[in-house]
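K.L.:
The structure under discussion is supplied below as structure tokens; questions concerning it will follow.
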Amino acid sequence: MLKEKTDKPCLLCGKAVKGRSDKKFCDDYCRAAYNNDLKSAANNYIRNVNNALGKNRRILENLLPAGEQMVKASRDKLIEKGFQFKYHTHNYSAKNGNTYFYCYEYGYLQLENNRLLIVKRNEK
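Position 90 of the sequence shown, counted from 1, bears residue number 96 in our numbering, the numbering being contiguous throughout.
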């Protein structure tokens, strides 16, 4: 015969939990809300980084004319459009020592005088 324990409170709302002795929540809503709250901080960080990477990619894509493989632009122009230089997906060090920073298939090389060379990686 199962004995219902009612002295154990729900981890989210505090109502009495009925049923199995190892139950932690009074219903599915409380269980889902509790677990969503636990993961929301990490998910927010990941979402913000992914949004920044996507925005950086769109900015680079919009500055590079269709059909072109590279174009020069000022660093200030990218900043003005909301580009965040601390976010990139990867970098590439060329044989000549230049380091290209990429947001997916679009990248940039820092040049002199606050200028950038925006490039698109060749798809293979």
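For every residue, glycine included, the Cβ atom is placed at its ideal position computed from N, Cα and C.
Tell me the rounded alpha-carbon separation between glutamine 116 and alanine 79.
P.N.:
Computed Cα separation, rounded: 10 Å.
K.L.:
Could you give the first and the last residue of the continuous alpha helix (DSSP H) run that contains lysine 61?
P.N.:
Run containing lysine 61: 34-69, per the alpha helix (DSSP H) assignment.
K.L.:
Given this structure, state the Cα-to-Cα distance separating proline 71 from valine 77, to the nearest angstrom.
P.N.:
Looking at the two C-alpha atoms, the distance is approximately 8 Å.
K.L.:
According to DSSP, which residues form a beta bridge with alanine 100?
P.N.:
Per DSSP, none; premise fails for alanine 100.
K.L.:
For arginine 81, does the three-state DSSP call read helix, strand or coil?
P.N.:
Residue state, collapsed to three classes: helix.
K.L.:
Measuring alpha carbon to alpha carbon, tell me which of Glu118, Leu122 and Glu111 ends up nearest glutamate 129.
P.N.:
The residue with the shortest Cα to Cα distance from glutamate 129 is Glu111.
K.L.:
Taking 9 Å as the cut-off, decide whether the C-beta atoms of lysine 83 and leucine 69 are in contact.
P.N.:
Going by C-beta atoms, lysine 83 is nearer than 9 Å to leucine 69.
K.L.:
Have a look at Ser27, Leu17 and Asn49 and flag the residue whose alpha-carbon is nearest the alpha-carbon of aspartate 34.
P.N.:
Taking only the C-alpha atoms, the option nearest aspartate 34 is Leu17.
K.L.:
On the criterion of 16 or more Cβ atoms from any shown chain inside 10 Å, does tyrosine 98 qualify as buried, or is it exposed?
P.N.:
By the neighbour-count rule (16 or more Cβ atoms within 10 Å), tyrosine 98 is not buried but exposed.
K.L.:
Pick from Lys21, Ile52, Asn104 and Lys14: whose alpha carbon is nearest that of serine 27?
P.N.:
With distances taken between Cα atoms, serine 27 lies closest to Lys14.
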